[in-house]
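Worksheet: one structure, shown below.
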Amino acid sequence: MNVGNVLLATAFVVLLAATGILVRAYLSDDDRYLGHVTTLTGAAAVVLVGALVQLTYQFVVTDYSNAYVWNNTADYLPLLYRVTGVYAGNEGSILLWAALTALVAFAAGVVRGFPDRHSKLVHAITSGVVTYFVGMLLLQSPFASIRTEFANAPPGFVPTSGQGLNPLLVDPYMAIHPPVMFVSYALLTMPFAIGAAHFVSLFRGDGSVFATWRGSITRWLRVSWLFLTVAVALGGFWSYTVLGWGGIWAWDPVETAILVPWLFLTATVHAVVRYRPNGEYRILAPAMTATVFALAIYTTSIVRSGTFRSVHSFADDGIGISFLVLMVLTGVLGVVVPLAYWFLQDGEAASSDGTWLTRDNFLHAAVLLFGLLTFVSLWGLSFPVLRGAVTGVEVSVESHYFNLWSYPLVAAALLLLGFYMDFDVEGRRRSRIGLAVFGTATVAAAFVAPSEIWQLSPSPPTESAVYGVLGSVRVLSILPAAAYAILGVTKRALARVPATADRGAMFKETGITAIHVGAVLLVLSLPFMYMFAGQASAMATGVTSESVDTSYQDVAGTDYSVRVLDYSSKEFPQDPDPESYALSTDQVAARGPSLNGTVQAVYGTVTDVREGSQATVIQLDGSRTWVGVVQRNGTSGDVSVQAGQDLIARGRLMWNFVPNADATVLASPQTIGSPTNPPEGVVPTRVRADGVSLAVYEDGELVTSGVAGQREYPQQGGLEVRDVLVDRGLVTDTYVIAGVSDGTASMTVKQVPLMSLLRLSIVLLVAGMSVVLVFDPEHGVRTLTGSSASSTDAEPEATD
Amino acid sequence: MKPRKTLTIAFFVFLLGIGYLSMHSAPVLSDDNYSYHGETQWRTDFSEAEELASEQDRPIVVYFWTTWCTYCEDYNQYVYSDSEVQAELDDFVKVAVNLDSDEGEFGRLKQQYNANYPPQHVIITPEGEQLVKISGYADREAFLEYLAEAEREYDAGDDQ
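Chains A and B, in that order, give the protein sequences.
Position 517 of the first sequence, counting from 1, maps to 517 under the working numbering, and the rest follow consecutively.
Converting from the second sequence to the working numbering requires adding 1000 to each position, the first position being numbered 1.
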């Protein structure tokens, strides 16, 4: 058992004890041992973070005695990407997730304490979730020995080089996207625990949990919403720069898998606002709160359990089963129990009097629209799997499906947003006129507007009439809807912000305005980015390392021309450390006779050279490892090796081959060399990077210049990754792809409109969310510091 | 009826409607013997294709694809739906290999022709010898050129 596994086992036992105490305390309403819980969860958090640090350390020093490290990194990678390797596979990702969740569970316990019986149940659930994760890690440990990969390897065997990191992950965005996502998923554990505890408690007749926790649940939801938004955005920006992923959003299963919890979380954040302990949403809000985490687990399971084995699902192994079990558990607690309660009850208390135009109804419609959007994504992810399993017929879910169904829902949501905001300021009569005008404009634009290029999908993949109608919708219709929404939001902000006396309330209004404007700009930019992106290609010949033809090449059909200025071809690793590819004399001695007959590279300092009649024999490091250099024709020939120099030799290693030597490496003059000039074939090329410096001109004016090219990974199935040149423009991005082979550079110049608008929208969303999270006078993080948490939350708010 | 209730019922109607319609009008990608791309139909049984190819003395074009590859969609939309491409492709025996599947001989083919990302085309003789490889996306003209080159090489091989 190694350090890492000991840490995991310790964490498991400690967590089991904490969960046990909490469950017992809840069931028997007896507080014995309860004082230890915080210590235990704190210890578990420390130990799990310790395990994560240990794994990270192993990656940084490339400790290949760990199979997971060996599988996910290599020496030539820079520090950042060695750290990225920690979460390149399932085991490391779950360790990260578990450690973060343990921190969340511990923090929640410290902040909140155990003031009542319900809180014990809530903490029992969070601590149970962490325990489950750690249990998964014990079954499939990130600290498994390298001997699980090489069944016949002798004890102490350590490979000299690792397998390398998935080339797609060698990207700065991918270095930060997973941790941000797991922070968000870890934070979602608390709302899940509170929601699930709420229904368990209701079933046991112990009363509502949700009401007392309302403030803290709002904070947990908002902070995970913030992180999840950042994570989705980072993923999108990554796929934008990775060629072949179809731009910022292509409805890849993994992209959809993170969008589903995001959409539903957005719906939940809206629903929780209108929660009333005895009125509206008294069932729906807690139910949705519990469901978000269950959805996150469901989509993660679908993606990680190997149902979709896209190259994108970076890892694929037995952890899938544990995920499926977790999916069932969270599904029961988060979805089935709330549903059952709802069926057994009379439904929601009557709150409305038959009037349609009320803020409550609008908000309800918004929640339902987000629910439908979630369903579209969730269903698109699920039904091919379902249908494939039932009938064996494989059906495709293309981006058409997601786009065609989501578009009208988004347009409806924009109109609703505009109306809601307008209604708040203008009242019933005038706002109806606004809706009539902009609604008509939207519908008119959808069906009467310009030419076919504006159509959402001119040629839907099937004959279905519904798709035909949806596909013929003109995207121009997004403009009136978005304009209406922005007008409404701005109008309300102008009316409300100056009128607020409280600084916190003013910040909150501003934040909410920023979020909504950001969201509108986001959905406004996306369709145009895809529909009006243009691309064209050019070729340049005569691109070699000696000379480069720098003449202008016209990009056919555009005003662009490109010039190749320089060409470079590099291979990695460059000047690697001999340790990374050859055995030291100590390693040879340690591994002993098991090396007999294998081909090995060894390195060391020459301490003795003896010329024999048939071979030159060379002693390394004064050890019992010798190198025999034999000429092709069987003579010792001329081998210029002197004592004191560093030598690298490759050949068949024979044990006890000659007297006075344990190991003899049979080499030839061609297979010996020095660390600066190692013999050919000893150091495998991991990456071959070809790139051209190029300049792009539009009508003769320089638009951008830089390097574009490709990286090939010969050791990893020859996978090719493109390095693109992106010039971020105010209106359009210029995006250049170049491929170089056999002296020819083929270049594609793409124009992607409105990327800057999209970037702005993300900034607005994130800034707005942060402001609301911190400054909300009712539930903001700031309220925690002013007065104690329990005093703000203890009283259920009976009225708004 | 109360507005909230009406809205909620409408929600479920929409939800079921979308669910039902989309599942039943989703394009079929593959059934027992064929997989469908654009307006072309590709075999999925490689042994059958091999037999057919040597019987009729035609080269085989092997298409490596996945359900989630966006360039495969481009192939469907811009290349396979073109009548000239379809006519040219008729000179070949077409086999499609889903890279996400290890069924039958898919695993071996992936390895043999070193196809590890979509889309890729490998054009081979009935004996399995590689004539032309198209890595990634090729537009209509380039794709036709590749096909022509493969036919030239195939005929040249025959003459020897």
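Glycine is no exception: its CB is placed at the ideal position from the N, C-alpha and C atoms.
In the DSSP output, which residue or residues are listed as bridge partners for residue i?
i	result
Val665(A)	Val627(A), Leu653(A)
Gly729(A)	Paired residue(s): none; Gly729(A) is not in a bridge.
Lys120(A)	BP columns for Lys120(A) are empty, so no partner.
Lys1002(B)	Paired residue(s): none; Lys1002(B) is not in a bridge.
Pro753(A)	Thr732(A)
His1121(B)	Tyr1063(B), Ile1134(B)
Ala1096(B)	Tyr1063(B)
Ser674(A)	Asn677(A)
Ser568(A)	Gly691(A)
Ile618(A)	Val609(A), Val627(A)
Gln535(A)	Lys750(A)
Val543(A)	Val548(A)
When you compare each of the options to residue i by their alpha carbons, which one comes out closest?
i	options	result
Arg722(A)	Thr734(A), Val731(A), Val707(A), Gly85(A)	Val707(A)
Phe1011(B)	Thr56(A), Val367(A), Asp31(A), Val475(A)	Val367(A)
Gly597(A)	Gly622(A), Asp577(A), Gly739(A), Arg652(A)	Arg652(A)
Tyr132(A)	Asp63(A), Leu263(A), Thr330(A)	Thr330(A)
Met1(A)	Ala45(A), Leu96(A), Ser141(A), Thr734(A)	Ser141(A)
Thr1066(B)	Phe1106(B), Ser1081(B), Val1132(B)	Phe1106(B)
Asp1082(B)	Glu1048(B), Glu1141(B), Thr1008(B)	Glu1141(B)
Ala88(A)	Arg304(A), Tyr735(A), Asp502(A)	Arg304(A)
Leu494(A)	Glu509(A), Pro480(A), Arg474(A), Arg503(A)	Glu509(A)
Val548(A)	Ala267(A), Trp626(A), Leu694(A)	Leu694(A)
Ser322(A)	Met506(A), Glu91(A), Phe293(A)	Glu91(A)
Trp655(A)	Gly4(A), Thr625(A), Ser127(A)	Thr625(A)
Leu719(A)	Phe12(A), Ser561(A), Arg686(A)	Arg686(A)
Pro253(A)	Val223(A), Ser301(A), Leu221(A)	Ser301(A)
Starting from residue i, find everything on chain A with Cβ-Cβ shorter than 8 Å and list it in chain order.
i	result
Ser1030(B)	Val393, Glu394
Ala1138(B)	The premise fails here: Ala1138(B) is roughly 11 Å from chain A at the closest Cβ pair, so nothing lies under 8 Å.
Phe1011(B)	Leu368, Gly371, Leu372
Leu1007(B)	Asn361, His364, Ala365, Leu368
Starting from residue i, find everything on chain A with Cβ-Cβ shorter than 7 Å and list it in chain order.
i	result
Arg1043(B)	Here the premise fails: no neighbours, minimum Cβ distance about 15 Å.
Glu1145(B)	What Glu1145(B) touches in chain A: nothing, since even the nearest Cβ is about 13 Å away.
Phe1014(B)	Leu372
With a threshold of 7 Å, establish whether the CB of residue i neighbours any heavy atom of the ligand HEM.
i	result
Leu653(A)	In the structure shown, the ligand HEM is absent, as is every other ligand, since no ligand is present at all.
Would you grab the beta carbon distance between residue i and residue j for me? Rounded to a whole angstrom, and I think it's under 8 Å.
i	j	result
Gly195(A)	Gly334(A)	7 Å
Leu801(A)	His123(A)	With chain A covering 1 to 800 only, the question about residue 801(A) has no answer from this structure.
Asn1098(B)	His1037(B)	No, Asn1098(B) and His1037(B) are not in contact; Cβ-Cβ is about 11 Å, not under 8 Å.
Lys1005(B)	Gly354(A)	That pair is no contact at about 10 Å.
Ala533(A)	Pro753(A)	7 Å
Ser1101(B)	Gln1120(B)	So it is not a contact: roughly 15 Å between Cβ atoms.
Asp405(A)	Met769(A)	The residue asked about is misnamed: residue 405(A) is Trp in this sequence, not Asp. Going by Cβ atoms, the distance from Trp405(A) to Met769(A) rounds to 26 Å, so no, they are not a contact pair.
Glu1039(B)	Gln1086(B)	7 Å
Give the residues of chain B in contact with residue i, contact being defined as C-beta atoms less than 9 Å apart.
i	result
Asn403(A)	The premise fails here: Asn403(A) is roughly 12 Å from chain B at the closest Cβ pair, so nothing lies under 9 Å.
Ser693(A)	The premise fails here: Ser693(A) is roughly 23 Å from chain B at the closest Cβ pair, so nothing lies under 9 Å.
Trp379(A)	Leu1015, Ile1018, Gly1019, Ser1022, Met1023
For a contact defined as C-beta to C-beta under 7 Å, what are the partners of residue i on chain B?
i	result
Ala250(A)	Thr1070
Trp813(A)	A query on residue 813(A) cannot be resolved here, the shown segment of chain A reaching from 1 to 800 and no further.
Val376(A)	Ile1018
Tyr298(A)	What Tyr298(A) touches in chain B: nothing, since even the nearest Cβ is about 16 Å away.
Arg387(A)	Met1023
Which chain B residues are close to residue i, counting only those with a beta carbon under 8 Å from its beta carbon?
i	result
Trp454(A)	Those do not exist, as Trp454(A) stays about 18 Å from chain B at its closest Cβ, beyond 8 Å.
Phe383(A)	Gly1019, Ser1022, Met1023, Ala1026
Glu398(A)	Pro1027, Glu1073
For a contact defined as C-beta to C-beta under 9 Å, what are the partners of residue i on chain A?
i	result
Thr1125(B)	Going along chain A, no residue has its Cβ under 9 Å from Thr1125(B), so there is no contact; the nearest lies around 23 Å.
Thr1040(B)	Under the 9 Å cutoff, chain A gives no residues; its nearest Cβ is about 14 Å from Thr1040(B).
Segment contact, 8 Å Cβ cut-off, at least three pairs: the segment 198-210 of chain A with the segment 280-289 of chain A: Yes, since at least three Cβ pairs between the segment 198-210 of chain A and the segment 280-289 of chain A fall closer than 8 Å, the two stretches touch.
Contact the segment 382-389 of chain A vs the segment 435-447 of chain A: 3+ CB pairs below 8 Å: Fewer than three beta-carbon pairs drawn from the segment 382-389 of chain A and the segment 435-447 of chain A are found closer than 8 Å, and the two stretches are therefore not classed as touching.
Touching by the beta-carbon criterion (3+ pairs, under 8 Å), the segment 503-516 of chain A and the segment 231-250 of chain A: Because the criterion of three Cβ pairs below 8 Å is not met, the segment 503-516 of chain A and the segment 231-250 of chain A do not touch.
Any 3 or more C-beta pairs closer than 8 Å across the segment 471-485 of chain A and the segment 408-420 of chain A: Yes, since at least three Cβ pairs between the segment 471-485 of chain A and the segment 408-420 of chain A fall closer than 8 Å, the two stretches touch.
Given 8 Å, three or more beta-carbon pairs between the segment 494-508 of chain A and the segment 741-748 of chain A: Touching, no.
Segment contact, 8 Å Cβ cut-off, at least three pairs: the segment 565-575 of chain A with the segment 611-624 of chain A: Contact between the segment 565-575 of chain A and the segment 611-624 of chain A is absent, because fewer than three Cβ pairs lie under 8 Å.
Inter-stretch contact (C-beta, 8 Å, three-pair minimum) for the segment 289-298 of chain A and the segment 261-269 of chain A: These segments touch.
Segment contact flag, the segment 161-181 of chain A with the segment 214-222 of chain A, C-beta cutoff 8 Å, min 3 pairs: Taking 8 Å as the limit for Cβ pairs, the verdict is that the segment 214-222 of chain A does not touch the segment 161-181 of chain A.
At least 3 beta-carbon pairs within less than 8 Å: the segment 102-112 of chain A vs the segment 58-68 of chain A: At 8 Å Cβ cutoff, the stretches do not touch.
Inter-stretch contact (C-beta, 8 Å, three-pair minimum) for the segment 697-717 of chain A and the segment 579-594 of chain A: Short answer: they don't touch.
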